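*Asks:* Below you will find the structure I want to go over with you.
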Amino acid sequence: MIPRWRTLAFVASLVVLGLAGFVAWRLLVARPEVPRGVIAVSGRIEGDGAPVATKTAGRILDIAVREGDWIAAGQVVAVLDAEEVRARELQAAGALREAETRLRLARHQITVLNEQLRQSPPGVDQTRGAAQSRVAEAEGGLAAAEAQLAQAEAAHAQAKRDRDAASRLHPGSPGAEQEARRAQSHETAQVAGVEAARRQVEAARRALGAARSDLASPAARSAQAASVKTQLLRAEAEIAAAQAEAARARAGLDEARANRLDFTVFAPFNGVVAARTAEPGKEVKVGTPVITLVKLSQVYFRAAVPAGQIGRVRVGQPARVYLDGAAAKAIDARVSGVDPEVGVKLELKGEVGLARPGMPAKGEILIEGKDWPGRRARR
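Written out as structure tokens, the structure reads:
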């Protein structure tokens, strides 16, 4: 019979040999060997994000994206409550329809009056006093039209000064951009008003010329024809006024629509949402960031270097990055930054593929030679 102590000693020897064999297997077989001249690093994908902010103040109704979403340039990111702006847009659209209706009626009236003038029979001679009255009336109409033109030109000059001042007010800020756009729309409306006032002056001058022609005519025209002609000239003035009103209403509608667009936040470029910094229901100011967006073409790999190896790393050295879950495919990179405290920064040069900010990854830095050693199997 074998003594018990010998049995225990034999079992203990087997355990020690087994542990030694396991350690040797882990060190020499299971653990992939790092080739000579290469440093293995680990870290994560990062990116410098750009804030995507609101252009106006208001309450957020909806945010259409989440962290990690890939979005395209022009895609809707968030929507703010624009009820008041929509009301102004509807009001401007109604004013435009009303002005266009006036314009159509005035043009129809001109057609009818031209037909009446064509069919009017020759009548009795006008008295010189009646012709003089029409001249005086036409002169008064011209004076009034010229006064309106002067007012319109003064308003346009002021609008132009306001536009220039708005363009110099903190250029680049969202509020200044919105104010500059409003000033530009106001100036456009004033330009339309000046053009309409000039057309009214031209119509009044034609009316005065016709009245003076009747006064100087050896053979005075019939009173009926003169009356129709006066109505015709008034209708032309009505067209000019309706055109001016339509131009102002159209400019107001364009401004309202532009303001409504300011209540929708769009993605400025293709990228990945790195952070969502606002939520629906929040009251925001002009320039409040809603999300942080990172361009996929500008992501990089931030890694920690093993102790004692940081001094061997130099900017410009070639590198390779392996994403978790895609370790068989290397992404070409280069060392773009070295910091003893935060590690190294690798610029991704090849196709980034599925690389996203925050994703863990591993990397290799070639610190000796120009060619990579034979590729080893990655686990």
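Each residue of the sequence shown is one higher than the one before, counting from 0 in numbering that gives the first Met the number 0.
We put the CB at the ideal spot given by N, CA and C, even for glycine.
If you're wondering where the values come from, they're calculated on a predicted model, not measured in any experiment.
(1) On a CA-only basis, which of 78, 77, 189 is nearest residue 250? Give me that one, please.
(2) Residue 292 and residue 57 - do their beta-carbons sit closer together than 8 Å?
(3) How long is the line joining the alpha carbons of residue 304 and residue 295, rounded to whole angstroms?
(4) Between which two residues does the beta strand (DSSP E) harbouring residue 312 extend?
(5) To the nearest angstrom, how far is it from the Cα of residue 22 to the Cα of residue 44?
(6) Could you check what DSSP says for residue 385 in three-state terms: helix, strand or coil?
(7) Spatial neighbours of residue 158 within its chain, please: C-beta separation below 6 Å, excluding the five flanking residues on both sides.
(8) Does the separation of the CB atoms of residue 362 and residue 312 fall below 8 Å?
(9) If I'm right that residue 34 touches residue 372 with Cβ under 8 Å, what's the distance once you round it to whole angstroms?
(10) Along the beta strand (DSSP E) that carries residue 322, what are the first and last residues, could you check?
(11) Just how far apart, CA to CA, sit residue 59 and residue 262?
(12) With distances taken from CA atoms, which of 367, 359, 370, 355 is nearest residue 67?
(13) Using DSSP bridges, identify the partner residues of residue 50.
(14) Alpha carbon to alpha carbon, what distance is there between residue 357 and residue 164?
(15) Thinking residue 46 and residue 273 are a contact (beta carbons under 8 Å), I'd like their distance in whole angstroms, please.
(16) When the Cα atoms are used, what is the spatial distance from residue 113 to residue 91?
(17) Would you mind reading off the limits of the beta strand (DSSP E) that contains residue 41?
(18) Would residue 380 pass as a contact of residue 239 if the rule is Cβ separation under 8 Å?
(19) For residue 206 versus residue 140, is the C-beta distance shorter than 8 Å?
(20) Going by the CB atoms, is the gap between residue 334 and residue 52 shorter than 8 Å?
(21) According to DSSP, simplified to helix, strand and coil, what is residue 284?
(22) Check whether the stretch 253-267 touches the stretch 85-99, counting contact only when three or more Cβ pairs, one atom from each stretch, lie closer than 8 Å.
(23) Are the beta-carbon atoms belonging to residue 301 and residue 348 less than 8 Å from one another?
(24) Please classify residue 160: does DSSP put it in a helix, a strand, or coil?
(25) Using the Cβ count rule (16 or more neighbours within 10 Å means buried), how would you classify residue 340?
(26) How many angstroms separate the CA atom of residue 199 from the CA atom of residue 269?
(27) What is the C-beta distance between residue 248 and residue 151, in whole angstroms, given that I count them as a contact (C-beta under 8 Å)?
(28) For residue 203, I'd like the list of residues in its chain whose CB is within less than 6 Å of its CB, leaving aside the five on either flank, ordered along the chain.
(29) Check each candidate in 108, 103, 332 and name the one with the smallest Cα separation from residue 297.
(30) How far does the beta strand (DSSP E) with residue 359 in it extend, from its first residue to its last?
(31) Give the single residue among 228, 55, 315 whose Cα lies nearest to the Cα of residue 337.
(32) Would you tell me roughly how many angstroms separate the C-alpha atoms of residue 285 and residue 257, rounded to the nearest one?
*Replies:* Based on what the coordinates show:
(1) Its Cα nearest to that of residue 250, the residue 189 stands out among 78, 77, 189.
(2) Not closer than 8 Å, so no.
(3) The straight-line gap from Cα to Cα measures roughly 25 Å.
(4) Element bounds for residue 312: n/a, residue is neither H nor E.
(5) Below a pLDDT of 50, predicted positions are generally treated as unreliable, and residue 22, at 49, falls in that range; the measurement from the model is reported next regardless. Approximately 33 Å between the Cα atoms of the pair.
(6) Only positions 0 to 378 of the chain appear in the structure, and residue 385 is not among them; the question remains open.
(7) Excluding sequence neighbours, residue 158 sits near 185, 186, 189.
(8) No, the pair does not count as a contact, with Cβ atoms beyond the cut-off.
(9) Between residue 34 and residue 372 the beta-carbon gap is near 4 Å, inside 8 Å, which marks them as a contact.
(10) Residue range 317-322 is occupied by the beta strand (DSSP E) that includes residue 322.
(11) When rounded, the distance between both Cα atoms is 9 Å.
(12) Closest option to residue 67, Cα to Cα, is 355.
(13) Looking at the DSSP output, residue 50 sits in a beta bridge with 291.
(14) Cα-Cα distance, rounded: 45 Å.
(15) Yes, they are in contact, since the Cβ atoms of residue 46 and residue 273 sit about 6 Å apart, within 8 Å.
(16) So the two alpha carbons sit approximately 33 Å from each other.
(17) Start and end: 37-45.
(18) A query on residue 380 cannot be resolved here, the shown segment of the chain reaching from 0 to 378 and no further.
(19) Yes.
(20) Result no, Cβ atoms of residue 52 and residue 334 do not sit closer than 8 Å.
(21) DSSP places residue 284 in coil when its eight states are reduced to three.
(22) Contact holds: three or more Cβ-Cβ distances are below 8 Å.
(23) Their beta carbons are not under 8 Å apart, which means residue 301 does not touch residue 348 by this criterion.
(24) DSSP places residue 160 in helix when its eight states are reduced to three.
(25) Around the Cβ of residue 340, a 10 Å sphere holds fewer than 16 other Cβ atoms; the residue is exposed.
(26) Approximately 52 Å between the Cα atoms of the pair.
(27) Contact doesn't hold; Cβ gap of about 16 Å is too wide.
(28) Same-chain partners within the cutoff: 140, 141, 144.
(29) It is 332 whose Cα lies nearest to the Cα of residue 297.
(30) Residue range 359-365 is occupied by the beta strand (DSSP E) that includes residue 359.
(31) Cα-wise, what sits closest to residue 337 is 315.
(32) Cα-Cα distance, rounded: 16 Å.
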